[in-house]
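Only one structure is covered here, and it is reproduced in the block below.
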Amino acid sequence: MNVDTKLKASNSWKHYLLGFKILNFKIPLDVEIVVAGISSVQRIEEILKISKSRKISFMHQAAWVNSRNGVSVPRRKDKNAILNVFKKNEWR
Numbered sequence: 001m002n003v004d005t006k007l008k009a010s011n012s013w014k015h016y017l018l019g020f021k022i023l024n025f026k027i028p029l030d031v032e033i034v035v036a037g038i039s040s041v042q043r044i045e046e047i048l049k050i051s052k053s054r055k056i057s058f059m060h061q062a063a064w065v066n067s068r069n070g071v072s073v074p075r076r077k078d079k080n081a082i083l084n085v086f087k088k089n090e091w092r
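Here the sequence shown stands for residues 1 to 92, where the numbers follow the working numbering.
Listed below in structure tokens is the structure:
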């Protein structure tokens with residue numbers, strides 16, 4: 001999908017959200033879902049509303065793009081703090 005200057009696809013994520021609702025309904029609750037490519041807090045909140053008690057993990061958009069391209073990025077100084085947030089889901 002290409003986005004031109006008129007931003008025709010700026011709300012296409014809402015269609016993906018419908019697919020996520022169907023996926024969330026069809027698979028067992030003990031299955032964890034990993035969502036990659038999320039770039040806004042609003043979208044994360046929408047996914048968490050849909051998932052209710054299911055465990056959801058998020059991969060930041062830049063990390064997802066780098067992993068798809070096979071790019072190795074040097075670790076930041078606070079890598080342990082970042083890892084702890086994702087391991088414990090402290091931000092929830």
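Glycine included, C-beta positions come from ideal geometry on N, C-alpha and C. Just so we're clear, the structure is a prediction, and the values are computed from it rather than from any experiment.
- Its chain contains R54, K55, I56 and S57 as the residues whose beta carbon lies nearer than 8 Å to that of E32, once the 5 sequence neighbours on both sides are disregarded; these appear in chain order.
- The C-beta distance from I47 to V35 rounds to 6 Å, short enough to fall under 8 Å.
- For S51, the enclosing alpha helix (DSSP H) covers residues V41 to S51.
- Taking the C-beta atoms as reference points, K21 is found nearer than 8 Å to I50.
- Under the three-state reduction of DSSP output, S67 falls in the helix class.
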